[in-house]
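Take a look at the structure:
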């Protein structure tokens with residue numbers, strides 16, 4: 021076979037691999053997008069990184085309580101400043117795409133010690149909330165545009181896992 025054939029074959033192979041790798045690494049389902057957003061949020065909270073949290077909240081954020089982006093970021097900042105150590109344990113219950121938005125429901129435990137699994141929640145004093153979030157794609161980044169939260173119980177983590 022000729023050298024030109026090998027060069028063309030290798031070029032096509034490299035381009036094909038590049039396309040496959042980029043499609044595998046990029047989330048494509050609402051659940052994957054929501055999980056990635058939640059992971060980034062967890063990391064920012066646990067690192068007490070308000071700047072990173074700010075990057076996750078859309079400037080057009082507005083919720084049912086008439087809180088804007090700065091309001092919800094002030095709530096997060098107050099929690100971070102008022103808490104000695106923060107560890108999150110999350111459970112994504114659902115994520116659906118609707119009108120170019122992702123609506124997700126997340127159960128979150130805010131603890132002062134690391135939580136390795138659900139069973140450890142029974143021994144911890146944790147603040148637990150249901151978060152109903154709405155994410156929008158802004159220039160290739162999924163950002164929070166709305167959130168509602170209500171207090172939950174540790175039992176909700178076990179009800180959620182039993183239905184999944």
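Residue numbers (my numbering): 21 to 184.
The C-beta atom is built at its ideal place from N, Cα and C for all residues, glycine as well.
Around the beta carbon of residue 92, 16 or more other beta carbons sit within 10 angstroms, so the residue counts as buried.
When secondary structure is reduced to three states using DSSP, residue 142 falls in the helix class.
In this structure, the beta-carbon distance from residue 112 to residue 165 does not fall below 8 Å.
Exposure of residue 63 is indicated by the presence of fewer than 16 other C-beta atoms within 10 angstroms of its C-beta.
Rounded to whole angstroms, the separation of the alpha carbons of residue 121 and residue 156 is 5 Å. Cβ contact annotation for residue 54 (same chain, cutoff 7 Å, sequence separation greater than five): 112, 115, 122, 124, 155, in chain order. Contact check for residue 151 against residue 129 fails: the beta carbons are separated by 8 Å or more.
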